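Quick note: the sequence shown, position 277, residue 919 per the numbering used here, numbers continuous. Scroll down for the structure; my scribbles are underneath it.
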Amino acid sequence: MAKRARPGSQGALRAANEARLVQALRSAPATQSELAERTGLANATVSNIVRDLRERGAVSTSPTVRLGRRASLVTLEQAGGPTVVGVDFGRQHVRIAIAVDGAGELVEDEIPLPPGHRAEESIAAAVGRLDELLAAASLGRGDIAAICAGVPGPIDSRTGTVLGQTILPEWEGVAASDVAEAFGMPVELVNDADLGAIAERAFGPHGQVDDLVFVKVGTGIGAGLVLGGRLHRSAIGIAGELGHVQVEPNGALCVCGNRGCLETLASARAMAQSLSAALGTPITTADIVRRALDGDPATRRVIDDAGVAIGRAVATAASLLAPSLVVVGGPVAEVGDLLLGPVRESFRRFALHPLTTTTRIERTTLGRRAEALGAVTLAGRSAVDDAFIGGPREARMRSMLDLNEVRA
C-alpha cells in the first residue's frame, strides 16, 4: 500500500503537481513543453512527473513534431477507464448514473419515492437499484472505482455530515460514512446544487465558463458556485445557500429561523402552499409546472412573483461574485421563460449596471439529470486522480474541485 503523504509535505506537493498535470492532459494530449506552459510547472518537474506516470502506465508518449522540432507527445491512458457511480437523492426520487469504463457507456435510472421517506429507505432503494443496473451490465460493486452522492442540503465538508435547514429533515445528521456502509465502499457526499454546477460546466452548452452560478429551484432553493474554474464550497462546505438570502425583511418565518428568506417566497414548496390556499386543493410541484404551461393565471402569477424574488437574490449574489453565467435549474425551471423572464427582468432592475450586460441568465438544458451527471463527473475525477496520483486525499480533492479541464 502506498504511504500517504502529510499535507504540506514534499509528497503532498508532488501529488498536487501530478494532479495539475493530469488535469491538463484531460482535454488533449500535449508535449512536455506545452504541459509546462499549461500548468506553470518547471520543465524539469514536468519531465519527472511524466516519467513516473509513464512507468505506472498512466500516460503514454509518442514522437511528434511541433514548430519543425521533434518532441514527445504525452497522452493520458483512458482506455478501459474506471466504472464510477453518481447518485442524486431527492425529496421524492433517487436518480442513479453509472459511467461504465470511464463513461464509454452511461446508464441512468430514477426511482420515485414517497414524501417524508426516511434516509435509510432512499439509501436502500439506491443500493438495490444500483445492484440491478450493475448486474444488467455484467458488473458488480467490486467493479466500481468511486461513488459520489448528492443531497439537497448543506453538508459539512470537514465531517461529510448533512447539516440542518435541509428540505430533507430525515437526512439531518446523516454522514458520508453511513452512506458508505450501505454501499460497501467510500462515498463522497456533496450538496446537490454544487453537483448541478459541475454538470453545467462539464455538459452544458455554455462553453468554457470559469465563473458560473447554478441556481436550483425546487422544494428548496440552493446555488452551486464555480469561481475561477473551481467549485467553491467554503471552509465548511455550505456556500451557496441562496434560499436563505433575505428578500423581504418582515416576511414569512423560514425554517432557518429568519424571516423573508427567498425560499419562503420562491421555492416550489412556497408556491404550492400559496396555490393550495387559494384553490382549496393540494398542489404538487408537477401540478405547478403543468398548470403554468396550460395557462392557469393564478399559477402563472405565483411563478412570476417567484421569478422577481429570485432575480433580486441573484442580483445580490452577482454583486459579490460577478459571474459571467447564471444557470437556473430544478423542476420549476421546466416552465421555461415563464420563470426566466421575470428573473431576468428583476436582475436587470436590481443588479449593478455593468453586470446587466456581462452576466447571462440561462435555463439548464440538462433537466432533472443535472445533479446525477455532476455526481458521476466528480466520481470520475476522484477515481482517475486516485489511480493516477495516488497521493493524499487532500491533494486529490483539490484536483477534483478544479474544473478547468473538465468538459464532456
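Glycine included, C-beta positions come from ideal geometry on N, C-alpha and C. Just so you know, these numbers come straight off a predicted model, no measurement behind them.
Are residue i and residue j touching if we call contact CB-CB under 8 Å?
i	j	result
residue 914	residue 906	no
residue 716	residue 673	yes
residue 837	residue 1020	yes
residue 714	residue 705	yes
residue 701	residue 718	yes
residue 736	residue 748	no
residue 1002	residue 967	yes
residue 842	residue 1012	yes
residue 846	residue 864	no
residue 965	residue 873	no
residue 794	residue 732	yes
residue 878	residue 799	yes
residue 789	residue 1014	no
residue 935	residue 977	yes
residue 822	residue 867	no
residue 772	residue 797	no
Out of the options, state which residue places its alpha-carbon closest to the alpha-carbon of residue i.
i	options	result
residue 791	818, 928, 992, 901	818
residue 801	1023, 768, 700, 880	880
residue 892	886, 900, 885	900
residue 1017	823, 750, 710	750
residue 940	735, 920, 957	920
residue 752	758, 769, 743, 961	769
residue 808	712, 742, 833	833
residue 888	774, 982, 773, 908	908
residue 844	1007, 675, 678	1007
Given residue i, which residues of its chain have a CB within under 7 Å of its CB, disregarding the five upstream and five downstream residues?
i	result
residue 984	946, 949, 950, 953
residue 659	683, 687, 691
My guess is that residue i and residue j are in contact by the Cβ rule of under 8 Å, so how many angstroms apart are they, rounded?
i	j	result
residue 816	residue 829	The pair is not a contact, with the Cβ atoms about 11 Å apart (cut-off 8 Å).
residue 681	residue 708	Residue 681 to residue 708, Cβ: 17 Å. No contact.
Whose C-beta lies closer than 6 Å to the C-beta of residue i among residues of the same chain, with five residues either side of it excluded?
i	result
residue 957	989, 992, 993
residue 860	910, 972, 973
residue 763	none
residue 824	765, 769
Does any C-beta atom of chain B lie closer than 8 Å to the C-beta of residue i?
i	result
residue 919	Reference to chain B is not applicable here, since this structure consists of a single protein chain.
Bridge partners for residue i per DSSP, in chain order?
i	result
residue 874	867
residue 933	Residue 933 is not bridged to any residue.
residue 833	793
Skipping 5 residues on each side, what residues in its chain have a beta carbon closer than 8 Å to that of residue i?
i	result
residue 926	914
residue 785	725, 776
residue 944	913, 916, 917, 930
residue 813	731, 761, 793, 795, 804
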